[in-house]
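Going by our numbering, the first sequence runs without a break in its numbering and finishes at 525. In this text, a Cβ means the ideal position worked out from N, Cα and C, and glycines have one as well. All values derive from a computational prediction rather than experimental measurement. Take a look at the structure below.
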Amino acid sequence: MTNTSQKTDVRVRFAPSPTGFLHIGGARTALFNWLFARHHGGRFILRIEDTDRERSRPELTQGIIDGLRFLGLEWDEGPEIGGEYGPYLQSERGDIYRAFVEKAIEKGCVYRCYCTKDELDTMRKLQVEGKSRTAYDRRWRDRPSSDWPEDQPYTLRFKMPLEGETVIEDRVQGRVAFQNEDLEDFIVARADGSPTYNFCVVADDVNMRISHVVRGVDHLANTALQLNIYKALGCTPPTFSHVGLIHGPDGAKYSKRHGAVDVLEWRKAGYLPEALRNYLVRLGWAHGDDEIFSTEELIRLFDLDGLSKSKAVVNLEKLDWINQQYIVEAAPAQQIQWLMQALKEYEDIDATDDSRLEEICRHAAPRAKTLRDLAQTSRLFFVRPNEYEPKAVKKHVLKGGGLERLKWLYERFADLDVFDETSIEAVFEHAANEFEVKLLKLAQPVRVALTGTAVSPGIYETLALVGKDESLERIRLALETFA
RNA sequence: GGUCCCAUCGUCUAGGGGUUAGGACGCGGGCCUCUCAAGCCUGAAACGCGGGUUCAAUUCCCGCUGGGACCGCCA
């Protein structure tokens with residue numbers, strides 16, 4: 043059968059191994075692939091690389107799935123589980139790899155290696171000591187089958203060409219050439235017969251008809267090996283794009299020791315998926331001077347050409363800023379929903395049907411970098427302060443007659459029939475004349491009484507939103523406490 | 001040690017043979033102002049070094065330096 047089918051369809055995959063959680067680096071790789079697929083109307087596939095039975099943990103697979111769902115990076119294919127697509131699991135695709143190994147044996151591009159692990163270890167040790175390059179010395183490559191020991195386990199190694207070069211025509215890196223003599227006869231199948239990473243990847247990418255591979259540049263050396271598998275088995279390789287890695291502040295690849303964290307932790311901390319995506323996409327990708335992109339814009343603008351070869355260092359302050367932009371710019375209905383969720387989650391407050399929600403959002407949103415902040419700055423509208431900040435009390439209430447003014451204001455507030463911003467403001471202005479003080483000297487005592495702190499939204503709005511009865515009660519409580 | 005890659009403000013980046021080297025985060029100052037934010041205005045802040053090529057290099061080439069990635073019967 044001649045393969046004449048045009049493989050112009052974009053098919054990409056994100057292929058994490060469940061040996062850890064989905065962190066910023068993996069999330070960005072997934073995002074790039076997802077955007078590329080969406081941009082070209084192609085397919086985004088999730089493939090869990092769990093061939094290492096000892097290190098792979100099913101719960102980590104679930105964590106990766108949850109992380110991707112949180113980020114809104116839905117995949118388009120997979121075994122159906124309960125009406126939706128599950129990920130492809132390499133652990134369930136043994137047949138495909140076995141067939142691929144068979145094919146490799148038929149083509150004569152693999153050979154048996156009877157070295158034991160110990161043997162390989164000492165070989166490596168000697169190489170390191172002799173400061174020569176560490177690589178399998180191909181000692182079994184040309185041994186005739188008559189040399190094969192009976193009943194001894196063996197691995198299958200790839201018969202790498204010894205001359206010439208392997209060239210990666212990378213969409214991001216450009217042309218990268220490796221001398222074939224530098225490429226190792228890597229193990230294709232372990233002593234127990236199970237196939238290894240590079241081989242499974244190729245088998246899957248061929249089987250899944252992957253058109254483009256977008257991943258970190260840390261895979262570049264693997265690509266040289268994989269390209270040789272494609273060649274040996276007569277398969278067409280996908281287009282490769284190797285992106286510069288994300289680094290920590292110390293310049294090394296971002297990892298757990300930099301505090302690399304599960305994306306689900308970002309959710310807990312109150313970051314929005316769209317903000318996270320916006321932040322992540324700008325790590326190694328840019329479109330002119332633009333910073334904030336809607337998902338639609340991203341899908342429209344994203345392509346491989348904008349991807350960078352160089353590293354990107356994480357900068358969480360920028361994430362904070364972006365997240366805040368998303369919170370502030372969101373539609374009121376959206377803000378209300380976030381606020382209710384956040385109050386429930388972080389403050390255990392049920393604000394359902396509260397008529398003040400929209401107004402509260404207007405004041406809380408510009409003060410919130412995260413949804414957690416949104417809840418925190420809003421809680422004063424629902425619950426009384428559970429403590430008074432001593433510094434604030436001392437400075438604004440106890441010193442300079444704050445208490446006296448607070449008492450005066452309390453009485454005027456009590457007289458108010460209409461308790462809104464206008465009438466409240468009038469009271470403050472009256473008081474300012476009466477006491478001959480700046481507004482500061484009036485607002486702060488009230489603020490402390492209402493919130494327990496020296497910080498809140500504008501005092502008129504705050505009073506009006508807390509309401510007359512509750513405001514009076516809080517001031518009364520404060521007067522009582524500090525009398 | 002071997003192989004490969006990278007290099008514009010502190011950070012993310014735009015740019016590209018001739019620019020006052022642009023934007024953003026953060027930082028400083030100011031405006032607004034009842035606090036804190038937000039917003040607006042504004043300031044400081046970068047082409048690693050050395051050779052070429054060229055009338056002209058931050059931009060192209062080479063070297064150096066610095067940094068990184070990879071070198072498992074892990075993925």
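**Asked** Can you give the Cα-Cα distance for E211 and V259, rounded to whole angstroms?
**Response** 13 Å
**Request:** Identify which residue in A485, R111, R185, V214 has its Cα closest to the Cα of K437.
**Result:** A485
**Prompt:** Taking the C-alpha atoms as reference points, what is the distance between L358 and T337?
**Reply:** 21 Å
**Request:** Would you list, in sequence order, the uninterrupted beta strand (DSSP E) runs of no fewer than 3 residues that lie entirely inside the region 186-233?
**Result:** 197-200, 207-212, 216-221, 229-231
**Asked** Opposite I16 in the DSSP bridges: which residues?
**Response** A question about residue 16 goes unanswered here, because the residues of the chain that appear run from 43 up to 525.
**Message:** By the DSSP assignment, the beta strand (DSSP E) with R55 in it spans what residues?
**Reply:** 53-56
**Prompt:** Do you know how far the Cα of R398 is from the Cα of V497?
**Reply:** 20 Å
**Asked** Bridge partners of K510, per DSSP?
**Response** None; K510 has no bridge partner.
**Prompt:** With L306 and G114 assumed to form a contact (beta carbons below 8 Å), what rounded beta-carbon distance in angstroms separates them?
**Reply:** Rounded, the Cβ-Cβ distance is 14 Å, inconsistent with contact.
**Item:** Beta-carbon gap between R199 and C242 smaller than 8 Å
**Value:** no
**Asked** From the DSSP output, which residues share a beta bridge with V255?
**Response** F282
**Selection from H261, H284, V248 that minimises the alpha carbon distance to G276** = V248
**Request:** For V488, collect the residues of the same chain with a Cβ closer than 8 Å to its Cβ; drop the 5 residues on either side in sequence, then sort them by chain order.
**Result:** L448, L451, I501, L505, I517
**Item:** Residue span of the beta strand (DSSP E) that contains V152, given as start and end
**Value:** 152-155
**Prompt:** Helix, strand or coil: how does DSSP classify W182 here?
**Reply:** coil
**Message:** Would the region 362-375 count as touching the region 404-415 if we require 3 or more Cβ pairs under 8 Å?
**Reply:** yes
**Asked** W117 by DSSP, collapsed to three states: which one?
**Response** coil
**Request:** Quick one: using the 10 Å Cβ neighbour count with 16 as the cut-off for buried, is Q268 buried or exposed?
**Result:** buried
**Request:** Identify which residue in E161, I369, C151 has its Cα closest to the Cα of A231.
**Result:** C151
**Message:** Give me, in chain order, the residues of the same chain whose beta-carbon lies closer than 7 Å to that of A177; leave out the 5 immediate sequence neighbours on both sides.
**Reply:** E226
**Item:** Exposure of L168, with buried meaning 16 or more beta-carbon neighbours within 10 Å
**Value:** exposed
**Asked** Between Q48 and Y130, what straight-line distance do the alpha-carbon atoms span, to the nearest angstrom?
**Response** Note that Q48 has pLDDT 45, beneath the 50 cutoff, so the model's placement of it is unreliable and the number below is only indicative. Using only the alpha carbons, I get a separation of about 24 Å.
**Request:** Determine the DSSP secondary structure at H438, reduced to helix, strand or coil.
**Result:** helix
**Item:** For A354, the residue or residues it bridges with in DSSP
**Value:** I288
**Distance between E389 and T197 (C-alpha atoms, nearest Å)** = 58 Å
**Item:** Pick from F470, A266, V490 that is closest to L481, judged by C-alpha positions
**Value:** F470
**Message:** Rounded to the nearest angstrom, what separates V323 and A69 at their Cα positions?
**Reply:** 10 Å
**Message:** Is the separation between the beta-carbon of R55 and that of R89 shorter than 8 Å?
**Reply:** yes
**Message:** In this structure, how does DSSP classify L102 when only helix, strand and coil are distinguished?
**Reply:** helix
**Request:** Give every residue of the same chain whose Cβ lies closer than 7 Å to the Cβ of F220, excluding the five residues on either side of it in the sequence, and list them in chain order.
**Result:** E207, T208, A266
**Message:** Check for me: the alpha helix (DSSP H) holding C277 runs from which residue to which?
**Reply:** C277 -> no alpha helix (DSSP H), and no H or E assigned at all.
**Prompt:** Can you list the alpha helix (DSSP H) stretches of 4 or more residues lying completely in the region 400-481, in chain order?
**Reply:** 413-420, 432-435, 444-457, 463-477
**Message:** Give me, in chain order, the residues of the same chain whose beta-carbon lies closer than 7 Å to that of F228; leave out the 5 immediate sequence neighbours on both sides.
**Reply:** R199, F200, N240, L267
**Request:** Would you list the residues sitting across from R85 in a DSSP beta bridge?
**Result:** R53
**Asked** Among the residues of its own chain, which have a CB less than 8 Å from the CB of D7, if the five just before and after it don't count?
**Response** Within the shown structure, residues of the chain are numbered from 43 to 525, placing residue 7 beyond reach of any answer.
**Request:** Would you check if there are 3 or more beta carbon pairs closer than 8 Å linking the region 426-437 to the region 331-350?
**Result:** no
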